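What follows is a short report on a single structure.
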């Protein structure tokens, strides 16, 4: 069973600076057969693509006509349930993914689909990142620059990106001569030269700000991160 309560934080890192929201893709795939999920423009494009693909050799497959470009599809027999959370277990709507295109099930979905699901599937509105304001300060006097910086970033920002910021702004700026390094080298050096701490806990470079705030900082006050330059 797959339970989705929000797709705001359902992300997987695809590349160094790009995130793919698999929560959004899953919702779109689950409701792919629901007519309301296809705008007039989408329908027209799909019709044009289908007309072009109808050759003497046959027609394209369902996957090829999918708005997800064959990325993935949900089996048509998969149950789709909308209900109340919080453990009360009240069900508002239960249909099979493949039945969402029928008149009755489509009307039922229109009445019961939550607003946040409607925004994603019908209006194609991507969930926004939350922002976190935090203080960045040295852990000791290992750096000549003891300035405290107040920064704001996405709560999905990883520790390694903050380490790169510290390295570029504080370490490289302390050198008398400018140093030119490539992107690959810049990504590798900070983890070897810098540690980032929160509440006296050494942070993993792959941790994000949201995780740190909820599981390590554990306070309503402004998040504080401390960096230490390794010798």
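In this note's numbering, the protein residues as written are 504 to 734.
We put the beta carbon where it would ideally sit given N, CA and C, even for glycine.
None of these values were measured; they are calculated from a predicted model.
Rounded to the nearest whole angstrom, the CA to CA distance from residue 701 to residue 720 is 7 angstroms. Pairwise C-beta distances place the region 615–631 out of contact with the region 659–679, as fewer than three of them are shorter than 8 angstroms.
Classified as exposed, residue 724 has fewer than 16 neighbouring CB atoms from the shown chains inside 10 Å of its CB. In chain order, 639 place their CB closer than 6 angstroms to the CB of residue 652, counting only its own chain and leaving out the 5 sequence neighbours on each side.
The straight-line gap separating the alpha-carbon atoms of residue 692 and residue 710 is approximately 18 angstroms. Annotation for residue 610: the continuous alpha helix (DSSP H) segment containing it runs 606–615.
It is roughly 6 angstroms from the alpha-carbon of residue 633 to the alpha-carbon of residue 657.
Of the residues 706, 635 and 585, the one whose Cα lies closest to the Cα of residue 713 is 635. Counting of Cβ neighbours within 10 angstroms places residue 540 among the buried residues, the total reaching 16 or more.
The Cβ atoms of residue 637 and residue 728 sit closer than 7 angstroms to each other. Beta-bridge analysis with DSSP links residue 586 to 594.
DSSP, read as helix, strand or coil, puts residue 533 in helix.
Rounded to whole angstroms, the Cβ separation of residue 650 and residue 670 is 15 angstroms, and the two are not in contact under 8 angstroms.
In this structure, DSSP gives residue 711 an extended state, which the three-state scheme calls strand. In the three-state reduction of the DSSP assignment, residue 578 falls in the coil class, being assigned neither a helical nor a strand state. In the three-state DSSP reduction, residue 706 falls in the coil class, being neither helix nor strand.
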